[in-house]
Structures are given as C-alpha cells and as structure tokens.
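One structure is given below, encoded as structure tokens.
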Amino acid sequence: MSDRKRRRLEEFNRKGRKAKAKASSDSGKDPRKLREQREKEERERKQRRIFWAIMGLLVTGAAVIFFFFNPSGFTSVKTSEGREILQSQSIDRIQVTDGTQIVQIWLAEKYKPTDLEGEEQSPTKKVQFQYTDPEANDVLALVAKADSKNGYNSIVPQQSAFFSLLTFILPMLIVLAIFFWMIPRMQGRMNEFGRVKRDGVESDLPDVTFADVAGADEAVEELREIKEFIETPEKFRKMGAKIPRGVLLYGPPGTGKTLLAKAVAGEAGVPFFHISASEFVEMFVGVGASRVRDLFTKAKKVAPAIIFVDEIDAVGRNRGSGIGGGNDEREQTLNQLLVEMDGFDERTNVIVIAATNRPDVLDPALLRPGRFDRQIGVDAPDLSGREQILKVHADGKPLAAAISLESIARRTPGFSGADLANLLNEAALLAARRGHTKIDEDDVDEAIDRVIAGPQRRTRVMNPKEKRMTAYHEAGHAVAAAALNHSAPVTKVTILPRGRALGYTMVIPTEDRYSTSRHELLDEMVYAMGGRAAEEVVFHDPTTGASNDIQKATNVARKMVTEYGMSQRVGAVRLVADESDPMTRMGGGNSREHSDQLARVVDDEVHALLDRAAQEAWQIMMDNRHVLDRLTTVLLEKETVLEEELKVIFQDIVKAPPRDLWLSSPDRPVSDLPPVPLPETEASAEEPTVLPGQETEEGKHVDLEPGDKADQ
C-alpha cells in the first residue's frame with residue numbers, strides 16, 4: 001500500500017472514531033438540547049461561509065483596483081530625473097495622463113534609472129514620473145521639445161464599463177453581505193430578549209430534601225401536602241379537590257424560602273424552574289410578558305414541574321401605581337402572569353411557588369383563590385429551630401467539646417437561618433485565621449459580635465477621656481437594664497469599637513417572645529436613655545453618642561401613641577398611613593390622615609413618654625451611682641465584661657420602683673378578679689398570683705398586669 005493511500009485510510013479511520021465518540025457522548029443528552037445545538041452549529045457554519053465570501057470579494061476588488069491604478073512594467077523615478085530624461089535621452093514615445101499627472105516614457109535604448117529613494121535600478125526602457133499642477137506647463141513644454149520618434153500623446157483616463165459597474169456594485173455587495181451575515185445573529189439576540197435568560201431546568205433534579213430544612217416545621221408540614229399533590233394528584237381529584245396552582249412563601253430575608261421550594265422539588269423528583277421576578281422586566285416593552293409565556297411553556301412541556309419565582313414583589317406590586325398614567329412594563333408582566341396561572345387546566349401538573357419579603361404590597365389579584373391558594377409564613381426560627389439550624393450548619397465543622405449549640409441558640413434571638421449559617425462560617429474563618437484546630441468559645445463569641453455589630457475596628461484608638469466617657473455611657477445602659485423590672489438580662493458590655501459604634505451593651509431575653517407589653521416598651525425607652533442619663537449624672541455634659549439611642553426611644557414612643565393605642569389622650573386608634581397604599585409608598589399621597597390639633601396631641605404624648613423615660617433613667621443612675629462607677633472601672637480595665645461577672649457587679653443594685661397602674665381610661669377600671677392559672681406543668685415554677693395594689697407576704701408592692709413579658 002502506498003504512503004498516500006495509507007494516510008487517507010488513517011484519516012478516514014480517525015474521522016470515524018471521532019464521529020462515534022461524539023455519537024456516544026450525545027446519546028445520553030436531551031434530544032431537545034441536541035437539536036438546538038445542531039441548529040446553532042449550522043448557523044455558525046453559514047456565518048463562516050458568508051464571512052469568507054465577503055473576504056473573497058474584498059480581495060478581488062482590491063486586486064482590480066490595484067491593477068487599474070498601477071500599470072506594470074514602468075519604473076517610477078523622481079520628477080527632476082524625469083525632466084532630465086526628457087532633455088537628454090533618446091525617446092521613442094511619450095504619453096501624458098491627465099488627472100493623475102503621470103508622464104510615461106518609452107526609451108529607444110535601455111537606461112539605468114534611480115528610484116524614488118535614490119538607489120540605482122536595473123536598466124529599463126520604460127520609466128514614469130509624476131508632476132504637480134504648478135509644474136504642468138514646464139513639464140508639457142519639455143514633452144513637446146523632446147525629440148520623440150513617434151511623438152507624444154495626452155489622454156484623459158476613461159473607466160471601462162466593467163470597472164464602473166464593479167466600483168458601483170462592489171460596495172453594495174459588501175454592505176449586503178454584512179447585512180445578511182448580521183441578520184441571523186440579530187434575530188437570535190432579539191428572540192433571546194423574549195426568553196428567560198437561562199434554561200431554568202437544572203441538569204440534575206434538586207438534591208435538597210425536607211431533611212435539609214431546619215427551623216421551619218410548620219412550613220415544611222404545609223409543603224408536604226404540595227409534594228403529595230404532585231406525586232399523587234388522582235387521589236385528590238377523586239375527592240373532588242382542586243390542586244393548588246400557586247404557593248406564596250412570605251417572611252423576612254434569610255429564613256429559607258428558596259431552600260423550601262427546592263426541597264419540594266427534590267422530594268417530588270420533578271424539574272425545578274428558578275427565576276427572579278426582576279429578570280422578567282427589561283428596557284423593551286413586552287419583553288417581560290414574553291418571558292412569562294416562555295417560562296410557562298417550558299414548564300408545561302416537562303410537567304409535572306415546579307416554577308419558583310423569587311422576589312415576586314418586583315412585578316407583583318399593586319397595579320395602578322404608575323405616575324402620569326403611562327404604560328408600565330411591570331403591569332404588563334403581572335397581567336401575563338395572572339393570565340398564565342388562569343390558563344392552567346386541572347390536568348396541568350405545574351405548581352408555581354413564589355417568595356417575597358413584602359406580602360402587604362402584592363396585588364390582590366395575585367392572592368385570590370385560584371392563583372396563590374396557599375400563603376405560608378416563613379418566620380425567623382424560635383429557640384428550638386435555631387438549635388436545629390445550627391446542627392445542620394455545624395456538620396463538617398470541628399467544634400470544641402465545650403461548645404453548646406443550645407447556648408448559642410439562646411444568645412441569638414431574632415437570627416434567621418442565613419444569619420446562623422453566617423455565624424458558624426465566621427467562627428470557622430476566625431478559628432482558621434488564629435491557627436486553631438477546633439472552633440472554640442472565643443471564636444463563636446467573636447463571630448456573634450461580628451454578625452450583630454460588625455467587625456472590631458482595631459485602628460480606632462480612643463483617648464483616655466473619650467474612653468472613660470464611652471465606658472460610663474455603656475455602663476449606664478447596663479445599669480438601667482439591670483434595675484428595670486421588665487427588661488431582659490444583660491449578657492455582655494464592651495467598649496471595643498465595632499462598626500459605627502464605640503461600644504455596645506447586649507441585652508438578650510431568656511426565651512422567645514411574640515408580643516410586647518406596655519411596661520416592656522417603657523423599659524425599652526428607659527434602657528435607651530440610660531447611656532445619656534449616665535453622662536448627665538457624671539459629667540453634666542452629654543455627648544452626641546446618644547443620638548441613636550434617642551432615635552430608638554422616639555420610635556418606640558411614637559408607635560405606642562400612633563399604632564399601639566397606649567395613650568389615654570389619643571386612645572386606641574391607629575394614626576399611621578397604610579403602607580400598602582401605592583401612593584403612600586411613593587410619597588404621592590397624604591401620609592397623615594388626622595387633624596393638626598390631633599397631631600399636636602400626639603407630639604405632646606410622645607414628649608411626655610420620652611420625658612418620663614429620661615426621668616426614670618436619671619433616677620436609676622442616681623440610686624445606683626456606686627454600681628455605675630464599679631462597672632465603669634471594670635470596663636476601663638478589661639474593656640469587655642461578660643454575664644457571670646455582671647451578676648456579681650449587679651448583686652446590690654437598687655431596683656426601680658413599680659410604675660403606677662395604667663388605665664386606658666379612668667372610666668374603665670380593671671377587674672378585681674385574677675387571671676386564670678397557667679397549666680400545671682408551668683405554674684409550678686411561677687410565683688403566686690397577686691392582684692395589682694395588693695401586698696405579698698414580704699410586704700412588697702406588686703404592679704402586675706396580665707400578659708407581662710420579658711423584653712424581646
């Protein structure tokens with residue numbers, strides 16, 4: 001076999017192996033994706049052919065133009081040398097071309113010219129040179145005087161019909177070729193605007209299950225029913241029940257709404273479409289509605305499936321909130337979403353799960369039965385839920401034996417699942433940075449502080465005077481909290497700067513609370529005023545460090561008067577504008593719906609509450625100056641004081657006296673009957689019930705109201 005045949009056979013076998021490998025790799029892929037890939041490859045091949053055709057036309061045109069404007073066989077010389085040739089050489093023929101100012105000379109004998117750069121060239125009988133318009137008369141006079149055997153000829157170049165046609169058509173062909181090359185690409189891009197930005201269906205089904213979800217037992221229980229709807233819809237149809245079309249998950253950020261949606265798809269084993277509502281809206285009108293149609297079409301093709309729309313309030317807000325009455329792309333998208341959800345028939349096994357942090361701003365049409373039938377709240381986890389979440393995120397992290405997840409859960413009230421995950425991750429990063437082999441208590445404490453107040457600002461160094469002022473300020477907060485009767489215990493006081501704060505005091509309730517009493521709100525204001533009161537008592541010169549405390553106390557006082565009905569003069573009336581009103585949210589409506597006279601009463605009541613809180617805080621500092629100085633001394637020495645040491649410092653603290661009995665109206669006195677006892681399992685640990693105004697066996701006056709709870 002010859003070498004040529006052998007090479008051809010090897011090339012043939014190589015292509016065959018490559019084709020088989022491609023076929024085997026494509027055998028396990030989705031046919032729809034393979035078809036789209038082949039169409040894409042075919043478009044790319046067409047584009048390459050068009051590109052090379054354009055390049056061929058450009059090269060051909062350049063060659064023609066070069067050939068026309070650069071006749072071959074003539075050696076170009078300088079104008080001065082050309083004039084000498086006209087005067088001294090034997091010339092056979094001369095041709096002058098007008099327009100290009102070129103003189104072409106045919107010599108009778110070979111001549112050794114010098115090129116434009118001054119270098120000698122090989123002998124030739126054909127030379128040419130150019131001249132400028134000012135030199136035209138002199139050059140033409142020399143041409144006329146030259147002793148040319150065949151005379152000379154002057155011509156004006158005329159383009160041939162072919163060249164004229166070529167120069168006219170060639171640019172048009174180039175433009176058309178570029179246009180046809182770009183059209184398919186532009187069409188693809190325009191079509192992409194009407195499609196979801198990514199495929200949506202994961203290559204693998206979600207591997208998240210309900211076992212991976214912790215701290216949301218009620219939500220999981222509700223979603224288990226959705227899983228059954230997807231797996232066994234006939235069981236419910238036999239009973240005449242309609243499968244829910246939509247589920248709305250609402251709650252604060254970081255509580256696991258996306259994780260719950262993935263867990264439903266993972267448990268049911270169905271495709272999961274995940275898209276953010278903001279991806280529906282683009283700068284082009286109608287694109288959002290087109291993307292909604294495209295998403296639902298894809299989901300129906302692979303049903304049963306789950307569509308998860310995150311942050312649905314981006315397109316699902318109340319309609320009619322557009323200013324100026326113009327068309328709103330977001331409203332068109334919402335309308336199309338409503339139409340698609342109405343278009344589900346009973347056999348379409350596609351369920352839409354949406355998530356939002358603001359259910360109050362959603363359009364009522366979204367929340368009616370037949371669309372989002374189920375509305376499931378996903379709140380921040382309670383104590384047990386936080387412990388379960390910590391167990392999930394502690395998996396794979398080496399924790400020291402002394403670390404108690406229950407203790408961490410108790411120290412993190414109000415933390416969401418994302419906050420707890422961030423806490424353990426920060427602790428792991430700190431342990432690695434410090435060279436520890438395990439995560440210890442110090443790492444966890446620092447991580448909690450970082451999540452709550454931000455990283456420690458080690459470069460911010462306070463002078464001794466300002467450090468003492470900060471110590472008294474934080475000690476004032478702590479002493480106020482310890483002296484109050486309805487405040488949570490103080491667990492930590494520090495004067496180490498973190499974030500924007502020069503120090504902070506940590507007050508953590510012993511258990512989860514879901515409502516707050518009037519006494520607890522008053523204690524919150526007194527606690528907030530404690531830092532400023534300490535500055536006034538000790539230095540008689542308050543600082544700007546209490547500005548945030550005053551803001552918090554003012555917010556509490558205003559809510560007590562305008563939202564909670566805890567003012568005798570104003571009464572049980574809500575004076576805050578409805579935030580669900582779109583005009584109110586956008587600032588276009590009247591945020592106050594009461595008279596100026598009532599507004600003055602509200603301001604008077606707010607001032608009265610704040611003055612009372614400031615007075616109580618001042619009195620606590622005066623009664624406990626020895627405790628205030630003691631805690632300040634320890635803070636200046638150690639910078640951070642923890643709960644166990646605080647208990648020793650506060651052992652002789654003077655508690656604040658009970659407040660007077662509060663009535664919403666003097667005409668409505670409280671009942672003399674006590675509340676019913678708590679269940680036996682909990683009542684055993686409670687103190688005996690004593691009516692307000694009565695005295696205990698120890699002779700102490702008690703001001704107890706039903707529902708008194710610790711500070712949240």
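Using full-length UniProt numbering, count along the sequence shown one by one with no gaps and you end on 712. Backbone N, C-alpha and C define an ideal beta-carbon position, used for all residues, glycine too.
For Pro233, collect the residues of the same chain with a Cβ closer than 7 Å to its Cβ; drop the 5 residues on either side in sequence, then sort them by chain order. Hits under 7 Å: Ile243, Asn349.
Does the separation of the CB atoms of Ala553 and Ala528 fall below 7 Å? Yes; because the gap between Cβ atoms is below 7 Å, this pair is in contact.
Among Val444, Arg574, Arg358, whose alpha-carbon lies nearest the alpha-carbon of Ala402? Among Val444, Arg574, Arg358, the Cα nearest to that of Ala402 belongs to Val444.
First through last residue of the beta strand (DSSP E) which encompasses His274: Counted as a single uninterrupted DSSP element, the beta strand (DSSP E) harbouring His274 occupies residues 272-276.
Nearest by alpha-carbon distance to Glu228: which of Pro206, Glu267, Thr258 is it? The shortest C-alpha separation from Glu228 is found at Glu267.
Since Glu120 sits in a beta bridge, which residues does DSSP pair it with? Thr114.
Between Ala482, Asp92, Lys467, Glu520, which has its C-alpha nearest Ile495's C-alpha? Comparing Cα-Cα distances from Ile495 to each of Ala482, Asp92, Lys467, Glu520, the minimum goes to Lys467.
Start-to-end residues for the alpha helix (DSSP H) that takes in Gln89: No alpha helix (DSSP H) holds Gln89; DSSP gives it neither H nor E.
The beta strand (DSSP E) spanning Ile376 covers which residue range? First-last of the beta strand (DSSP E) with Ile376: 372-377.
List the whole-angstrom C-beta distance separating Leu383 from Asp512, where the pair is believed to meet the contact cut-off of C-beta under 8 Å. Confirmed, Cβ separation roughly 5 Å.
Helix, strand or coil at Glu81 according to DSSP, with G and I counted as helix: Note: Glu81 maps to helix in three-state DSSP.
Starting from Ala577, trace the alpha helix (DSSP H) both ways and give me its first and last residue. For Ala577, no alpha helix (DSSP H) run applies, since DSSP gives it neither H nor E.
Cβ neighbours of Gly269 in the same chain (closer than 7 Å, five flanking residues each side left out): In the same chain as Gly269, and ignoring 5 residues on each side of it, the C-beta atoms closer than 7 Å to its own belong to Leu205, in chain order.
Burial state of Glu644 (16 or more Cβ within 10 Å): It counts as exposed.
Helix, strand or coil for Glu109? Go by DSSP, reduced to three states. Note: Glu109 maps to strand in three-state DSSP.
Cβ neighbours of Ser122 in the same chain (closer than 8 Å, five flanking residues each side left out): Close CB contacts of Ser122 within its chain, under the 8 Å cut and outside five residues either way in sequence, are with Lys112 (chain order).
If I'm right that Val490 touches Thr505 with Cβ under 8 Å, what's the distance once you round it to whole angstroms? Confirmed, about 6 Å.
The segment 665-676 / the segment 629-639 touching (three or more Cβ pairs under 8 Å): Too few Cβ pairs lie closer than 8 Å, so no.
Taking the continuous alpha helix (DSSP H) assigned at Ile306, which residues delimit it? Not the alpha helix (DSSP H): Ile306 falls in the beta strand (DSSP E), residues 305-310.
Three-state secondary structure (DSSP) at Ala268? It is helical.
Residue interval of the alpha helix (DSSP H) (run including Ile452): In the DSSP assignment, Ile452 falls within the alpha helix (DSSP H) that extends over 441-453.
Let's see if you can read the secondary structure: which residues bound the alpha helix (DSSP H) around residue 744? Residue 744 falls outside the range modelled here, since the chain spans only 1 to 712, and no answer is possible.
Helix, strand or coil for Gly476? Go by DSSP, reduced to three states. It is helical.
Of all the options Tyr564, Glu221, Leu502, which has the alpha carbon lying nearest to the alpha carbon of Thr516? Ranking Tyr564, Glu221, Leu502 by Cα distance to Thr516 puts Tyr564 first.
Three-way DSSP call (helix, strand, coil) for Ile389 in this model: Reduced to three states, the DSSP call for Ile389 is helix.
Thr640 to Glu331 span [Cα, whole Å]: Rounded to the nearest whole angstrom, the CA to CA distance from Thr640 to Glu331 is 54 Å.
Are the segment 432-447 and the segment 603-615 in contact at 8 Å, needing three or more beta carbon pairs? In short, these stretches do not touch, since the Cβ pair count stays below three.
Going straight from the alpha carbon of Phe308 to that of Ala211, what length do you get? Linking Phe308 to Ala211 through their CA atoms gives a straight-line distance of about 20 Å.
Sequence-distant residues of its chain with Cβ nearer than 6 Å to Ala277 (five each side left out): Short of 6 Å from the beta carbon of Ala277, and not among the five residues preceding or following it, lie these beta carbons of its own chain, in chain order: Val309, Glu311, Ile312, Ala314, Val315.
State the Cα-Cα distance for the pair Pro364 and Thr544, rounded to the nearest angstrom. About 46 Å.
Considering only their Cβ atoms, is the gap separating Ala599 from Gly530 smaller than 7 Å? At a Cβ-Cβ threshold of 7 Å, Gly530 and Ala599 do not count as neighbours.
Secondary structure, alpha helix (DSSP H): runs of 4+ residues fully inside the segment 209-239: Runs of alpha helix (DSSP H) with 4 or more residues, each lying fully within the segment 209-239, are found at 217-231, 233-237, listed in chain order.
In whole angstroms, what is the alpha-carbon distance linking Glu474 and Arg371? Between the alpha carbons of Glu474 and Arg371 lies a distance of about 52 Å.
I need the straight-line Cα distance from Leu484 to Leu390, nearest angstrom please. Distance between the alpha carbons of Leu484 and Leu390 is about 32 Å.
If you run the structure through DSSP and keep just helix, strand and coil, what is Ile351? DSSP, reduced to helix, strand and coil, places Ile351 within a strand of the structure shown.
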